[in-house]
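Chemist:
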Amino acid sequence: MKIAVIGSYGAGLTMRVPRVPVAGETLSGGRFASGHGGKGSNQAVAAARLGAEVSLLTAVGADQFGTGARQLWAEEGIDATGVRTIGAAATMVGVILVDQQGENRIAIAPGALDELTPADVDGFADRIAAADLVVVSLEIPLEVAVAALRTAHEHGVRTLLNPAPAVRLPDEAWGWIDVVTPNASEARVLTGRDPEDPATGDELVDLIRTRHAGTIVLTLGAEGALIDHDGQRVRVDPVRVPRVVDTTGAGDAFTGALAVALARGDALTDAVRFAAAAGAHAVGVAEVIPALPYPDDVAALLRR
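So for the sequence shown, full-length UniProt numbering puts the first residue at 1; every next one is plus one.
#1: Which same chain residues end up closer than 6 Å to residue 161 when comparing Cβ atoms and leaving out the 5 residues on each side of it in sequence?
#2: On the CB-based measure, 16 or more other CB atoms within 10 Å of its CB, does residue 61 come out buried or exposed?
#3: Got a sec? Which residues, its chain only, sit under 6 Å from residue 94 by beta carbon, not counting five neighbours each side?
#4: Going by C-alpha distance, which of 222, 189, 196 is nearest residue 207?
#5: Looking at the structure shown, is residue 43 part of a helix, part of a strand, or coil, going by DSSP?
#6: Going by CA-CA distance only, name the one from 53, 32, 69 that's closest to residue 8.
#7: Got a sec, what are the start and stop residues for the beta strand (DSSP E) residue 16 sits in?
#8: Would you please state the rounded distance, in angstroms, between the beta carbons of residue 3 and residue 131? I believe it to be under 8 Å.
#9: Span of the alpha helix (DSSP H) holding residue 135?
#10: Under a Cβ-count criterion, where at least 16 other Cβ atoms within 10 Å of its own Cβ denotes burial, should residue 41 be classed as buried or exposed?
#11: My output table needs one value for residue 285: the three-state DSSP class, helix, strand or coil.
#12: How big is the Cα-Cα spacing for residue 307 and residue 110?
#13: Below 8 Å on the Cβ atoms is my guess for residue 256 versus residue 43; work out the distance and round it to an integer in Å.
#14: Shortest alpha-carbon distance to residue 96 belongs to which of 14, 66, 48?
#15: Assuming residue 221 and residue 237 are in contact, meaning their beta carbons sit under 8 Å apart, how far apart are those beta carbons, in whole angstroms?
#16: Which residues bound the beta strand (DSSP E) around residue 234?
#17: From residue 272 to residue 279, what distance separates their C-alpha atoms?
#18: Which residue spans inside the stretch 154 to 186 form an unbroken beta strand (DSSP E) run of at least 3?
#19: With H, G and I counted as helix, E and B as strand and the rest as coil, what does DSSP make of residue 99?
#20: Measuring CB to CB, does residue 27 end up less than 9 Å from residue 16?
#21: In the stretch 24 to 99, which residue ranges form an unbroken beta strand (DSSP E) of at least 3 residues, counting only runs that do not cross its ends?
#22: Which one or two residues does DSSP pair with residue 218 in a beta bridge?
#23: Any heavy atom of the ligand SAH closer than 8 Å to the Cβ of residue 12?
#24: Using the C-alpha atoms, what's the distance from residue 63 back to residue 169?
#25: Using the DSSP secondary-structure output, state which residues sit across from residue 5 in a beta bridge.
#26: Hey, how far is the Cα of residue 243 from the Cα of residue 30?
#27: Taking the straight line between their C-alpha atoms, what separation do you get for residue 148 and residue 6?
#28: Tell me which residue opens and which closes the beta strand (DSSP E) that residue 108 is part of.
#29: Looking only at its own chain, which residues have a Cβ that is under 7 Å from the Cβ of residue 115, when we skip the five neighbours before and after it?
#30: May I ask you to verify whether the stretch 113 to 128 touches the stretch 259 to 271, counting CB pairs closer than 8 Å and requiring at least 3?
#31: Within 10 angstroms of the Cβ of residue 32, are there 16 or more other Cβ atoms? Answer buried if so, exposed if not.
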């Protein structure tokens, strides 16, 4: 299984708090931790841990966070030779607040990621062409993500777009996406709906279907996922865990696991169930990298 990932790396600065402070409030009692983050890197690590051969395209700064990122990728067996180091910019940083219920709120300073260009995708084209699946997320400039989807399509390589954070896509980009995996809020943005729109999962899938001819996997958190593919719609039940600790890495665990399952040829419903188990494992562990599962972790949840 060869997977090429085009996305972000960032340092995650996490504060666990009793509750999220309101505007103007200073709240004591938090616990701080720092670690690796960024959707592209997280998804690459998740896929590598689950058995894929992974190549990564992203950008980091010439700083301690960038150095730490390269050490992580070496430890996880990820090919990072295509990663750019931008000397004039800082590595992306995300500041994360996690409340006692495990819900998170994140603010991001993109830094070096803003320096990625479609020319970097051209330089990464050989890895894309050699891949069984290309995974793209949207914490990078939109034109870079679109270039990655187009390049994969031109080489006949299947693509998976995790549209996070969600933005409106150019119309032509939809034709280069084989699998799209929004959550409900991302689906609203992709289809131009109000963020507070009360549309049901089925209604959101119907809206995406007006733009997208490929596979839709709508993730619904504790309600599981909804698959729409080849004229059929299937709901996949959630995988339950005893306790939710931190939801931060769940989406990236899901995406990385789904990429692995699709690349190895699993049936679509089985692939989504495998991904759901990976995401479920992640919510039971604090912080992102420690939460990304290995095969035995996913297998244990699927047996339950």
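Don't be surprised by glycine CBs; every beta carbon is placed ideally from N, CA and C.
Fair warning: this is a prediction, and the values are worked out from it, not measured in the lab.
Modeler: On the basis of the data shown:
#1: Here residue 161 is taken as the residue at index 161 of the sequence shown, counted from 1. So the list reads 136, 177, 180, once near-sequence residues are dropped.
#2: Translated into the one-based positions of the sequence shown, residue 61 becomes position 61. Its Cβ being crowded by 16 or more others within 10 Å, residue 61 is buried.
#3: What you label residue 94 is simply residue 94 of the sequence shown in a count that begins at 1. So the qualifying residues of the chain are 10, 12, 37, 106, 108.
#4: By one-based count along the sequence shown, residue 207 stands at place 207. Checking every option, the nearest Cα to that of residue 207 belongs to 189.
#5: Here residue 43 refers to the residue found at position 43 when the sequence shown is read from its first residue. In the structure shown, residue 43 sits in a helix (DSSP, three-state: H, G or I).
#6: Translated into the one-based positions of the sequence shown, residue 8 becomes position 8. It is 69.
#7: If you number the sequence shown from 1, residue 16 lands on position 16. Unbroken beta strand (DSSP E) run through residue 16: 10 to 16.
#8: As a first step, residue 3 is located in the sequence shown; it is residue number 3 there, counting from the start. As a first step, residue 131 is located in the sequence shown; it is residue number 131 there, counting from the start. Sure, about 6 Å apart at Cβ, within 8 Å.
#9: Taking the first residue of the sequence shown as position 1, residue 135 is located at position 135. Taken as a continuous stretch (DSSP letters only), residue 135 belongs to no alpha helix (DSSP H), being part of the beta strand (DSSP E) at 133 to 137.
#10: Within the sequence shown, the letter at position 41 stands for residue 41. Result: buried.
#11: The sequence position of residue 285 within the sequence shown is 285, counting from 1. In this structure, residue 285 counts as coil in the three-state DSSP scheme.
#12: Here the chain covers residues 1 to 304 and nothing more, so residue 307 does not appear.
#13: Here residue 256 refers to the residue found at position 256 of the sequence shown. Here residue 43 refers to the residue found at position 43 of the sequence shown. The C-beta separation of residue 256 from residue 43 comes to about 4 Å, placing the pair in contact by the 8 Å criterion.
#14: The residue labelled residue 96 in the question sits at position 96 within the sequence shown. Here the closest residue by C-alpha is 14.
#15: In the sequence shown, counting from the first residue as 1, residue 221 sits at position 221. In the sequence shown, counting from the first residue as 1, residue 237 sits at position 237. Actually they are not in contact, since the Cβ atoms of residue 221 and residue 237 sit about 12 Å apart, beyond 8 Å.
#16: For the purposes of this step, residue 234 is taken as residue 234 along the sequence shown, with counting starting at 1. 232 to 236 is the extent of the beta strand (DSSP E) around residue 234.
#17: What you label residue 272 is simply residue 272 of the sequence shown in a count that begins at 1. What you label residue 279 is simply residue 279 of the sequence shown in a count that begins at 1. Near 10 Å, if we compare the C-alpha coordinates of residue 279 and residue 272.
#18: Within the stretch 154 to 186, the complete beta strand (DSSP E) runs of at least 3 residues are 158 to 162.
#19: Against the sequence shown, residue 99 aligns to sequence position 99. DSSP places residue 99 in coil when its eight states are reduced to three.
#20: In the sequence shown, residue 27 corresponds to position 27, counting from 1. In the sequence shown, residue 16 corresponds to position 16, counting from 1. No.
#21: Those beta strand (DSSP E) runs which fall completely within the stretch 24 to 99 and span 3+ residues are 31 to 37, 53 to 57, 59 to 61, 84 to 86, 92 to 98.
#22: Start at 1 with the first residue of the sequence shown, and residue 218 comes out as number 218. For residue 218, the pairing in a beta bridge is given by DSSP as 226.
#23: Looking for the ligand SAH in the displayed structure turns up nothing, as the structure carries no ligands at all.
#24: Looking up residue 169 in the sequence shown gives position 169. Looking up residue 63 in the sequence shown gives position 63. Their backbone Cα atoms lie some 32 Å apart in a straight line.
#25: The residue you call residue 5 lines up with position 5 of the sequence shown. DSSP output for residue 5 lists 56, 135 as bridge partner(s).
#26: Sequence index remark: in the sequence shown, residue 243 carries index 243 (1-based). Sequence index remark: in the sequence shown, residue 30 carries index 30 (1-based). Each residue's Cα considered, the two are about 20 Å apart.
#27: If you number the sequence shown from 1, residue 148 lands on position 148. If you number the sequence shown from 1, residue 6 lands on position 6. Cα-Cα distance, rounded: 7 Å.
#28: The residue given as residue 108 occupies position 108 in the sequence shown. Segment 104 to 109, the beta strand (DSSP E) holding residue 108.
#29: Residue 115 sits at position 115 when you count from the first residue of the sequence shown. Same-chain partners within the cutoff: 59, 86, 89.
#30: Fewer than three beta-carbon pairs drawn from the stretch 113 to 128 and the stretch 259 to 271 are found closer than 8 Å, and the two stretches are therefore not classed as touching.
#31: Residue 32 sits at position 32 when you count from the first residue of the sequence shown. That one is exposed.
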